[in-house]
Amino acid sequence: MSAQATLCFPSVRAAWLPAPQEALPSGLRWRNAHDADLPFLRQLYADSRAAELAAVSWPDTVRDAFLDSQFTLQHRHYTAYYQPADYLVIEYAGQPIGRLYLHCAEHEATVVDIALLDAWSGRGFGSALLREVQRAAVRDALDAVVLHVDLRNHGARKLYERMHFVAEADTGTHLRMRWLATNGLS
Numbered sequence: 001m002s003a004q005a006t007l008c009f010p011s012v013r014a015a016w017l018p019a020p021q022e023a024l025p026s027g028l029r030w031r032n033a034h035d036a037d038l039p040f041l042r043q044l045y046a047d048s049r050a051a052e053l054a055a056v057s058w059p060d061t062v063r064d065a066f067l068d069s070q071f072t073l074q075h076r077h078y079t080a081y082y083q084p085a086d087y088l089v090i091e092y093a094g095q096p097i098g099r100l101y102l103h104c105a106e107h108e109a110t111v112v113d114i115a116l117l118d119a120w121s122g123r124g125f126g127s128a129l130l131r132e133v134q135r136a137a138v139r140d141a142l143d144a145v146v147l148h149v150d151l152r153n154h155g156a157r158k159l160y161e162r163m164h165f166v167a168e169a170d171t172g173t174h175l176r177m178r179w180l181a182t183n184g185l186s
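Numbering follows the UniProt record's numbering, with no gaps: position 23 of the sequence shown is 23.
In C-alpha cells:
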C-alpha cells in the first residue's frame, strides 16, 4: 500500500477565496481539492521537482519512492499546520493543471503553495490566480499576502516581483515575500 493511500484533506475548509471570478482567463477555474485528487497532486509534485531531480542518477524506483515520501510529508505538513485553509485544484477546460493552497489569518493571507504543471506555465494563469488572491485580500481589508519562493525558482520570483511582492527575509533556501494590500491593486 502506498503512503498516498493514507492521505486525505481536512473536512473543514476555510472557503476564504470566493468562487472563480470572470477576470480569470477563459476556461481557468478552481475547485476544492478532494482525496480523489491526490494522485494528480502527487504527479504535480513530481513535475515541480523534475528539473532538480534530473541531475540525480537514481533508478526510477528510488526516485519514485523519494517523490512519494516527500509528497506525503509535504501534504501532511500543509494539512496539519495550515488550518483552516483553502486547498484548491486549478483546472483548465475541466482538466486539473495545478494547485493553489491558501491560509488566511486575522491580518494576512498566506499563499501556502501555488503550482502549475510545467506544460501550463508561462500562459498568465499564475498571475491571474495571484490577482484573485490580492483582490480577496483587499476585499477583506487584510494587511498583506505573503508567500515563500525557492531561491532557485527565478521565474516565479520575477512573477511575484511583477505582482509587487517584496522580499523581506531569506531563509537560505527560500525567500519570504510580502504584498501590501494597503497599496491596492495596480
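We put the CB at the ideal spot given by N, CA and C, even for glycine.
For clarity, every value in this text was computed on a predicted model and none was experimentally measured.
Next item on the list: With DSSP as the reference, please indicate the residues paired to asparagine 183 in a beta bridge.
Entry: Paired residues: none, contrary to the question.
Notebook entry, point to check: For proline 96, which of helix, strand or coil comes out of DSSP?
Noted result: strand
Check: Do arginine 178 and alanine 169 have their C-beta atoms closer together than 7 angstroms?
Finding: no
Next item on the list: Note down the Cα distance separating aspartate 60 from tyrosine 45, rounded to an integer number of angstroms.
Entry: 16 angstroms
Checklist line | CB contact flag (glutamate 108, aspartate 68, <7 angstroms) | finding: no
Notebook entry, point to check: Applying the criterion that 16 or more other CB atoms from any shown protein chain within 10 Å of the CB defines a buried residue, is leucine 101 buried or exposed?
Noted result: Note that residue 101 is tyrosine in the sequence shown, not leucine. When all chains shown are included, tyrosine 101 counts as buried.
Checklist line | Exposed unless 16 or more other CB atoms sit within 10 angstroms - verdict on alanine 8 | finding: For the sequence presented, residue 8 should be read as cysteine rather than alanine. Exposed, because fewer than 16 other Cβ atoms sit within 10 Å of the Cβ of cysteine 8.
Margin query: Does leucine 17 come out as helix, strand or coil in the three-state DSSP assignment?
Written below: coil
Check: Contact between the stretch 48–58 and the stretch 18–33: three or more CB pairs below 8 angstroms?
Finding: no
Next item on the list: Entirely within the UniProt domain "N-acetyltransferase" (28–182) and at least 4 residues each: give me those alpha helix (DSSP H) ranges in chain order.
Entry: 38–54, 60–81, 125–139 and 154–162
Notebook entry, point to check: Taking Cβ positions, are residue 190 and leucine 159 nearer each other than 7 angstroms?
Noted result: Residue 190 lies beyond the range of the chain shown here (1 to 186); nothing can be said about it.
Margin query: Taking the straight line between their C-alpha atoms, what separation do you get for alanine 65 and serine 48?
Written below: 16 angstroms
Margin query: At the level of alpha carbons, what is the spacing between aspartate 113 and alanine 80?
Written below: 14 angstroms
Note to self: Is the beta carbon of valine 111 closer than 7 angstroms to that of arginine 99?
What the structure shows: no
Check: In three-state terms, what does DSSP make of valine 12?
Finding: coil
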